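Enquirer: The opening residue of the sequence shown carries number 741 in our numbering; numbering runs sequentially from there.
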Amino acid sequence: MKNRKQYIELQKDRFLSELFEILKLPSISADSAFNQDVLDTAELVKTYLEKAGCDNVEVCETPGYPVVYGEKIIDKNLPTILVYGHYDVQPADPIELWNSPPFEPVIKTTEIHPEGAIYARGACDDKGQMFMHIKAFEYMIQNNELPCNVKFMIEGEEEIGSPSLEWFLKEHTHKLKNDIILISDTGMISNTQPSITTGLRGLSYMEVTVTGPNRDLHSGLYGGAVANPINILTQMISKLLDADNRITIPGFYNNVEELSLAERAEMAKAPFSLDDYKKSLNIQEVHGENGYTSNERNSIRPTLDVNGIWGGYTGQGAKTVIPSKAYAKISMRLVPGQDHKEISELFSSYFKSIAPKSVSVETTSHHGGHPYVTPTDHIGYLAAKKAYQKTFNCTPIPQRSGGSIPIVALFENELNSKSILMGFGLDSDAIHSPNEHFGVFNFLKGIETIPLFYKYFTELSS
Ligand code: BES
Ligand code: MN
Ligand code: MN
C-alpha cells in the first residue's frame, strides 16, 4: 500500500515526461494529413509497453490504423484482464482558441486542478488515461505485484468510430480471450466523489444532402420561385423535434428502455448543482426533453443533434445566391433497447418523407454503435468499487454516461466479456474542445487505483 504511493511519488516526473512524448504526436485519425503521426504513435505505445515489461508486443495491422497489442501471461489458471484504450485523438481545431499549442503539452493549475493539469489534445481522451494503465502495469511488474494475466489492446481509430475493430476482434478472438475488459476512457463526478461509469449511449450518425436547382442561382432572378435548399433543410430539421423536445421520427422511442421511478430516484442522489452547471457553461437556462432532469437527459434518454450544417456562400462580404445544395451532419445518441441500424433507417425514411417535391434528399450513415450497461453486481464492478474505496476513502457512485464507446457492445457480442469503465477524467476537462486537459491528481490517482482493481478482481474470481 505504502509502497505503491511511494513508487508513484518517486517516479511521477518520469511518468509525466513520458506521457508528454506521446502527447506531442498529433495522432489525429480523422485527418489523413496526420497519417504518419498516427503510425508513429502506435510505435511509441509499443515501446512503452515493452519498457514496462510486456511480452509479445506487436503493432498489429488492420484494414485501417494498427492496434498495439501486448501481454503478460503469468499463469494460465489465473484470470486475464484485457485493457482497452485508444492512442488516436480528435482534431485540434479551432486552433486559435487554444491558450497553448495542442501538441506542446504544459502543466497549468486551475481552480478544479490545484495540483496542476496537463494541457494537450488527448491529455484526457485517451492518451493520459491509457498511459495510466501502462504505468500501473510497470509498477506491478517492478514490485512483483502482478496478481493475474494481462493483455493490452490499444487502438488508433476510436475517434472515427473504430471501423476496423470488428474485423480485428473476429481475426484475433482467441488471442484476446479474457475474463474482464478494463477501460479508462470516461469520467467521474469529481475528485472528491468518484463514480464508475455503468452505461454508455449508442450512436447513429447521419449526413444529409438537400439538392434543389442544378446550379447556384442569382437570388434576385430566381429567389422566391424555386426552392432554396438551405431554407428547406432548416425547415426539415426543425420538424425533427417537437415542442416538448421529443424526437418526432415515427418508431424512434418504440424500444427505449424506461427506467423505473425507483431507479430514477437512485440516480437523482448523485451530487449535482444545476446552478454550477449553468454557470460553468455561461447559460441562463438548460434545455431538453420535458419531464426529465438534466442528468437524465444526458444519460438515460436518447437525443438528436445537428453537429454541422453548411451550404451556400460563407466567405467574406455578401453574395446574393441560392445554392444548389445544402448539407447537415446529424447524430442521435441511443439508449438500451435501440438498435443503431434500425434507427438510421427510421431516420432516413422519415427525413425523406418530410421533404417537399421541390428538392431531392440523400442520406448516408456514418458510424454507429450500440449502447451498453454494466451490471453493478458483477465481480468486475465490485472489484472496481473496492479499489476506489481504498484510494479515495469514499464509495464510488454508479453513473450512466452520455458518451459512446461503440467497441464496448462489440466486446460483449464478439468476446462475450463485460467491460468495466474506470474513468478518471472530469466533464470540465474539455475533451474534444480547445484546451483539453487532465488533472495530474487524476493521472496519479488512476495509476494508484488500477493495481487494486487487479488485486480485488483476482481475489473475487477465485
Ligand atoms: N472517450 C470518449 C467517450 C466518452 C467520454 C464516454 C466521456 C463517456 C465519457 C470517446 O473517445 C468518444 O469521444 N466517443 C465518441 C464516439 C465515437 C464513435 C466517435 C463520442 O462519444 O462522441
Ligand atoms: Mn476516448
Ligand atoms: Mn473521444
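Each residue gets a CB set at the ideal place from its N, CA and C atoms; glycine is no exception.
Here the structure is a predicted model, which means the values were calculated and not measured.
Based on Cα-Cα distance, which residue from K910, Y1067, L759, H1106 lies nearest to L943?
Expert: L943 has its Cα closest to that of H1106, out of K910, Y1067, L759, H1106.
Enquirer: Quick check on this structure: which residue in I1171, Y1121, F1164, K867 has the alpha carbon closest to the alpha carbon of S1201?
Expert: Checked all of I1171, Y1121, F1164, K867; the closest Cα to S1201 is Y1121.
Enquirer: Quick check: does the Cβ of E749 come within less than 7 Å of any heavy atom belonging to ligand 1?
Expert: Outside the cutoff, so no.
Enquirer: Specify the secondary structure class of V823 as computed by DSSP and reduced to three states.
Expert: Strand, per DSSP.
Enquirer: Using only alpha-carbon positions, find the residue among G868, G1077, E836, L973 that is nearest to E1066.
Expert: In the sequence as presented, Glu is not what sits at residue 1066; that position holds Ala. Nearest of G868, G1077, E836, L973 to A1066, Cα basis: L973.
Enquirer: Could you pull out every unbroken beta strand (DSSP E) segment of at least 3 residues lying fully inside the segment 1077-1118, listed in chain order?
Expert: Listed in chain order, the complete beta strand (DSSP E) runs (minimum 3 residues) inside the segment 1077-1118 are 1100-1109.
Enquirer: Taking 6 Å as the limit between beta carbons, can you name the residues of its chain near I1049, skipping five residues before and five after?
Expert: Here the set comprises A1068.
Enquirer: What does DSSP give as the partner residue(s) for P903 in the beta ladder?
Expert: Looking at the DSSP assignment, P903 forms no beta bridge with any residue, so it has no partner.
Enquirer: Between which two residues does the alpha helix (DSSP H) harbouring S1159 extend?
Expert: That residue, S1159, is in no alpha helix (DSSP H); its beta strand (DSSP E) goes 1159-1161.
Enquirer: Give me the Cα-Cα distance between Q975 and I1094, rounded to the nearest whole angstrom.
Expert: Roughly 10 Å separates the two Cα atoms.
Enquirer: Report yes or no: do three or more beta-carbon pairs, one from the segment 874-884 and one from the segment 1177-1192, lie closer than 8 Å?
Expert: The segment 874-884 is in contact with the segment 1177-1192.
Enquirer: With hydrogens ignored, establish whether the beta-carbon of D865 is closer than 7 Å to any heavy atom of ligand 3.
Expert: The answer is yes for D865.
Enquirer: Could you give the distance in angstroms between the alpha-carbon of C864 and the alpha-carbon of S1098?
Expert: Cα-Cα distance, rounded: 47 Å.
Enquirer: Going by DSSP, what residues sit across from R1140 in a beta bridge?
Expert: Per DSSP, G939.
Enquirer: Measure the C-alpha to C-alpha separation of G1028 and A1058 and round it to an integer number of angstroms.
Expert: About 35 Å.
Enquirer: To the nearest angstrom, how far is it from the Cα of I847 to the Cα of L1184?
Expert: Cα to Cα, the separation comes out at about 14 Å.
Enquirer: Take V1046 and list the residues in its own chain whose beta-carbon comes closer than 8 Å to its own, dropping the five residues that flank it on each side.
Expert: Cβ within range, chain order: I977, A1068, K1069, I1070.
Enquirer: Pick helix, strand or coil for R955, following the three-state DSSP scheme.
Expert: Three-state DSSP puts R955 in coil, outside helix and strand.
Enquirer: Is the beta carbon of I989 within less than 7 Å of some heavy atom of ligand 3?
Expert: I989: no, Cβ never under 7 Å from ligand 3.
Enquirer: Alpha carbon to alpha carbon, how far is P969 from P1063?
Expert: Their backbone Cα atoms lie some 7 Å apart in a straight line.
Enquirer: CB H1110 to CB A1170, shorter than 8 Å?
Expert: Against a cut-off of 8 Å, the Cβ pair of A1170 and H1110 comes out as no contact.
Enquirer: Considering only residues of the same chain and omitting the five flanking positions on each side of T1135, which have a CB-CB separation below 6 Å?
Expert: Here the set comprises Q1129.
Enquirer: Given a cut-off of 8 Å on the beta-carbon distance, is the pair M870 and I894 in contact?
Expert: A contact, by the Cβ cut-off of 8 Å.
Enquirer: If contacts are defined as beta-carbon pairs under 8 Å, then T938 and R1140 qualify, I think. What distance do you get, rounded to the angstrom?
Expert: Correct: roughly 6 Å between the Cβ atoms.
Enquirer: Rounded C-beta distance between N1038 and G1165? I'm assuming under 8 Å.
Expert: At roughly 15 Å, the Cβ-Cβ gap does not stay under 8 Å, so N1038 and G1165 are not in contact.
Enquirer: Comparing C-alpha positions only, which one of A1010, F1087, N743 sits nearest to S935?
Expert: Nearest option by C-alpha distance: A1010.
Enquirer: Terminal residues of the continuous beta strand (DSSP E) containing H1177?
Expert: Run containing H1177: 1177-1179, per the beta strand (DSSP E) assignment.
Enquirer: When the Cβ atoms of the segment 1081-1091 are set against those of the segment 980-993, are three or more pairs found closer than 8 Å?
Expert: The segment 1081-1091 vs the segment 980-993: in contact.
Enquirer: Between L759 and T913, how many whole angstroms is the CB-CB distance? I'm expecting something under 8 Å.
Expert: Actually they do not touch by this definition, with Cβ atoms about 32 Å apart.
Enquirer: Just checking F923 against ligand 3 - is the residue's beta carbon closer than 7 Å to any of the ligand's heavy atoms?
Expert: It should be noted that the sequence gives Ile, not Phe, for residue 923. Answer for I923: no, Cβ out of range of ligand 3.
Enquirer: Since G927 and G1179 are thought to touch, with beta carbons under 8 Å apart, how far apart are those beta carbons, to the nearest angstrom?
Expert: So it is not a contact: roughly 11 Å between Cβ atoms.
Enquirer: Cβ atoms of T802 and N918: under 8 Å apart, would you say?
Expert: No, the pair does not count as a contact, with Cβ atoms beyond the cut-off.
Enquirer: Go through the segment 940-1017 residue by residue and report every complete run of the beta strand (DSSP E) that reaches 3 residues or more, in order.
Expert: The qualifying runs are 942-951.
Enquirer: What residue does the beta strand (DSSP E) around N775 start on, and which one ends it?
Expert: Run containing N775: none in the beta strand (DSSP E); it sits in the alpha helix (DSSP H), 775-792.
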